[in-house]
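Oh and the sequence shown: position 480 is 481 in the working numbering, straight run, nothing missing. Only one structure is covered here, and it is reproduced in the block below.
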Amino acid sequence: MNSTSERIFFRGWRPVLAATALILGGCSSQTGDNPGDWAKYGRTDSEERFSPLDEINETNVSKLGVAWYHEFDTDRGQEATPIVVDGVLYTSTAWSKVYAFNAADGKLLWSFDPKVPPQTLFKACCGPVNRGVAVSKGRVFIGALDGRLIALDTKTGKQVWSVQTTDPEQPYTITGAPHVVKGRVLIGNGGAEYAVRGYITAYDEATGKKAWRFYTVPNPDEKADGEPSDKPLSTMARKTWFGDAWKEAKGGGGTVWDSMAYDPEANLLYIGTGNGGPFGLKLRSDGKGDNLFLSSIVAVRPDTGEYVWHYQTTPGDSWDYTATQQMILTDMKIGGKDRKVIMQAPKNGFFYVLDRITGELLSAKAYVPMNWATGVDMKTGRPIEVADARYINEPRLQVPGTLGGHSWHPMAYNPNTGLVYIPAQTIATFLANDPNYKYLKGHNNVGLDPKTSAFPDDPAQIEQIKEHTFGELIAWDPATGTRKWVVKHPYFLNGGVLATNGNLVFQGTGEGKIYAYDARDGKMLWSYSTGNGIIAPPVSYSVDGRQYIAIMVGYGGFGAMLGTIVPNRPKLPGRLLVFSLGGKAAVPPFDIPDVEQIDLGSASSSGNPAKGGAAYGEHCFVCHGLNANSRFVKDLRRSMIIQSPDAFRSVVIEGAFSEQGMVGFAKWMTPETAEDIRAYLLQEARKAEQRAKTPAGK
Ligand code: CA
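So, in structure tokens, the structure goes:
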């Protein structure tokens with residue numbers, strides 16, 4: 002850990018910072034401790050997302066302006082953390098494309114397009130998003146949506162090697178950033194919503210040769226994998242799984258789709274694991290068992306993948322409560338004792354502090370409202386669940402909902418204030434197991450009753466839902482488990498957080514603003530309107546002594562599929578914005594496309610709209626949004642193809658738009674069901690038409 006030394010070093014040494022950055026410039030980019038760089042995903046291996054820079058601080062942040070910007074060729078969600086090493090900024094966009102810029106003036110040095118097949122989109126729960134690259138020893142590493150791990154030359158952007166890290170026949174995707182630890186590139190994958198089997202793989206950074214793989218859940222064929230995970234799976238995990246559903250799905254979930262952290266001193270790599278697939282324990286494991294290692298923090302040796310310890314945040318997960326959220330390593334006093342800790346605010350709503358050497362639970366306090374557990378038993382480390390939290394007897398309005406109290410949007414830790422800044426959210430989900438659930442190979446398999454998930458039609462009820470759905474920036478004291486200050490945001494889906502040594506906390510928001518707050522009391526000191534929503538986290542770096550703040554702008558991800566309760570905004574291209582003190586670059590406003598209008602005329606359907614609504618919930622909403630209301634892919638209520646049964650069938654069943662990412666559903670759906678869905682969409686389109694004609698306020 003270098004946090005303590007950094008803290009001592011920088012206190013009182015502000016004037017020499019620029020000089021230090023220059024001196025350290027060429028030599029320390031591998032360790033991530035050059036103060037001017039943002040060399041790793043969380044800036045350092047301890048994932049604090051704290052920049053030691055302070056040229057921009059609470060006294061002058063109001064003078065921040067745009068130094069340079071770049072507009073990308075995609076309007077899908079932008080989630081990347083830019084990486085800055087030796088004056089070059091590397092970032093990725095939706096569709097796993099990579100860009101390198103001169104970090105001072107924004108000149109594009111090169112770009113790389115892995116040409117992900119558009120049909121891959123069907124396997125992605127949350128759009129073609131990508132959270133960033135890793136840079137090490139002259140290579141840039143990107144995990145492509147289709148499961149490839151690709152090494153590029155930092156100077157030219159040319160591909161050096163590429164390996165397929167997943168079975169292309171299975172619905173795996175990669176959206177997370179690779180991490181490089183001890184010469185190994187580590188990459189996980191996503192797909193728990195499709196019930197795949199989670200794992201992480203380590204590859205040699207020079208050659209791409211596989212070193213080891215760690216599976217997070219047992220082998221569905223009851224075989225050994227010949228991997229370091231065999232031992233903990235056979236001795237610990239297998240006996241916590243029941244029934245055959247997870248075997249039939251060849252999975253069970255537990256995907257390692259986002260966070261990792263590394264303690265070089267303890268030689269431990271920490272990985273966060275995802276939810277179970279299907280969601281409900283009843284459907285997945287006969288309603289029994291902890292289902293190790295779902296929803297856990299697992300510590301392994303980075304050299305061999307050997308298991309060391311685990312802590313399961315949500316035994317027998319039934320709520321999509323992943324523990325893939327960011328893990329921060331630091332040292333702090335807890336109960337009067339110095340502790341080396343690992344901290345996480347996973348989806349389930351508890352903020353955990355563990356001893357990172359042993360995995361001992363030190364603290365678990367609710368950081369957001371919750372109605373599924375009353376606390377965590379400190380003796381057993383298990384949540385104390387309320388009656389029928391698992392929605393066995395009746396449907397349940399769950400808080401936090403399946404999107405969690407906090408998702409992948411990174412939090413930040415400022416060692417000076419001792420506070421963790423959490424981009425939290427409050428959003429409920431209505432949960433019921435699908436009484437007709439059947440595993441569909443290659444398909445989304447969450448197993449929730451589609452009838453319960455849609456929003457009501459009544460505008461008053463929608464307003465009520467909006468009132469109870471919001472975002473918060475929480476300044477959390479991990480030593481005491483209390484909120485120090487809170488800023489409430491109007492929308493639940495907002496950006497990740499950056500903390501800096503300039504006493505500042507930066508965050509972008511769903512409505513499209515970037516804010517700087519005083520780290521000590523949350524006072525808003527600066528804001529900037531981007532004209533487009535933000536989910537990505539900002540970073541800070543310096544070149545030639547000048548400090549910059551960089552952030553990817555562009556709304557998307559899963560939450561954005563809830564079109565009814567996110568900002569009503571057209572699809573806009575992603576941008577990278579870079580700020581400096583006195584920055585004066587002119588940023589043009591977005592070209593706002595006209596809302597597509599179609600004349601439904603006398604279009605009608607012989608299908609059953611009620612059946613179609615249920616089928617839509619099973620097959621379509623993941624991409625096209627609840628209530629056919631998505632802001633980020635085709636709004637089907639405004640699609641020409643719903644006017645004609647033949648056109649609709651050619652797309653939905655036969656795959657006429659496959660090259661645009663809309664695969665044919667012949668494997669999973671009959672033409673009659675497609676016609677029912679068309680009837681449902683016509684009904685929803687007419688409702689939308691009617692609402693548009695109703696005067697506001699009625
Ligand atoms: Ca999930």
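Ideal placement from N, C-alpha and C gives every residue a C-beta, glycine not left out.
Coarse secondary structure for residue i, derived from DSSP in three states
i: I9; result: Residue placement at I9 is poorly supported in this model, since its pLDDT is 35, which falls under 50; the coordinates still yield a value, given next. I9 falls in the helix class under three-state DSSP.
i: D318; result: coil
i: R576; result: strand
i: F215; result: strand
i: I566; result: helix
i: S30; result: At S30 the pLDDT is 37, less than 50, meaning the model places this residue with poor confidence; the figure from the coordinates comes in the next sentence. Coil.
i: A667; result: coil
i: P384; result: strand
i: A693; result: helix
i: T483; result: strand
i: V62; result: helix
i: F51; result: strand
i: Q598; result: coil
i: T764; result: Beyond the ends of the chain as shown, which are 2 and 699, falls residue 764; an answer cannot be given.
i: K688; result: helix
i: S659; result: helix
i: A680; result: helix
i: Q548; result: strand
i: T21; result: Confidence at T21 is low in this model, with a pLDDT of 38, below 50, so the placement of that residue is unreliable and no value is reported for it.
Spatially closest choice to residue i from the options, by CA coordinates
i: L637; options: P672, P316 and E597; result: E597
i: S645; options: A611, S606 and Q399; result: S606
i: V544; options: L54, G43 and R50; result: L54
i: D304; options: T323, L269, F633 and V257; result: L269
i: K289; options: R149, T565, Q326 and K240; result: K240
i: R552; options: S93, D46 and D459; result: Sequence inspection shows Ile at residue 552; the Arg mentioned does not correspond to that position. It is S93 whose Cα lies nearest to the Cα of I552.
i: Y200; options: G209, I151 and G275; result: G275
i: A500; options: S454, I550, Y529 and G511; result: I550
i: T418; options: D458, F123 and K485; result: K485
i: I593; options: A648, N533 and T427; result: N533
i: P590; options: I599, D600, G382 and P574; result: P574
i: D522; options: D259, T695 and L505; result: L505
i: F102; options: P115, K116, D114 and V86; result: V86
i: Y91; options: M237, P119 and G133; result: G133
Contact set for residue i: own chain, Cβ-Cβ below 7 Å, skip 5 residues either direction
i: I423; result: A346, Y368, H407, M412, I475 and W477
i: T202; result: T166, I188, K211 and R214
i: G448; result: P279, F280, G281, L284, N434, D435 and Y438
i: K489; result: F471 and E473
i: G350; result: A367, Y368, V369, M371, P401 and G406
i: G382; result: Y312 and L362
i: W14; result: Bear in mind that a pLDDT of 35 at W14, under 50, signals an unreliable position, so the number given afterwards is only what the model happens to contain. Cβ neighbours of W14 beyond the five flanking positions: none.
Neighbourhood of residue i by C-beta, 8 Å cutoff - its chain only, sequence neighbours within 5 removed
i: G139; result: D154, T155 and K156
i: F352; result: M344, Q345, A346, S364, A365, K366, A367, Y368, V421, I423, W477, P479 and G482
i: Y70; result: G107, R576, L577, L578, V579, A586 and V588
i: I335; result: V342, V354, L363, S364 and A480
i: T695; result: none
Assigned exposure category for residue i - 16 Cβ within 10 Å defines buried
i: R185; result: buried
i: H625; result: buried
i: G602; result: exposed
i: V377; result: buried
i: N569; result: exposed
i: T385; result: Per the sequence presented here, residue 385 reads as Ile, with Thr not at that position. The residue is exposed, with fewer than 16 neighbouring Cβ atoms inside 10 Å.
i: N394; result: exposed
i: Q691; result: exposed
i: V387; result: exposed
Beta-carbon proximity list for residue i, same chain, < 6 Å, skipping 5 on both sides
i: L441; result: W669
i: F123; result: V664
i: T674; result: A616
i: S52; result: T501 and S541
i: T531; result: G513 and V554
i: P539; result: L499, F507, I550 and I552
Residue i CB to nearest heavy atom of ligand 3 below 6 Å
i: N276; result: Among the ligands present in this structure, namely ligand 1, ligand 3 is not found.
Sequence ranges, beta strand (DSSP E) only - wholly within the stretch 95-160, length at least 3: 99-103, 109-113, 135-137, 140-144 and 149-154
Beta strand (DSSP E) runs wholly inside the stretch 313-363, at least 3 long, in chain order: 328-335, 338-345 and 351-356
Length-filtered (4 minimum) alpha helix (DSSP H) runs lying within the stretch 188-249: 246-249
Within the stretch 407-453, ranges of the alpha helix (DSSP H) (whole runs, at least 4 residues): none
Inside the stretch 455-532 only - beta strand (DSSP E) runs reaching at least 3 residues: 471-478, 483-490, 498-501, 505-509, 514-519 and 525-530
Completely contained alpha helix (DSSP H) runs for the stretch 261-317, where each covers 4 or more residues: 282-286
Every unbroken beta strand (DSSP E) inside the stretch 162-191 [3 residues or more]: 180-182 and 185-188
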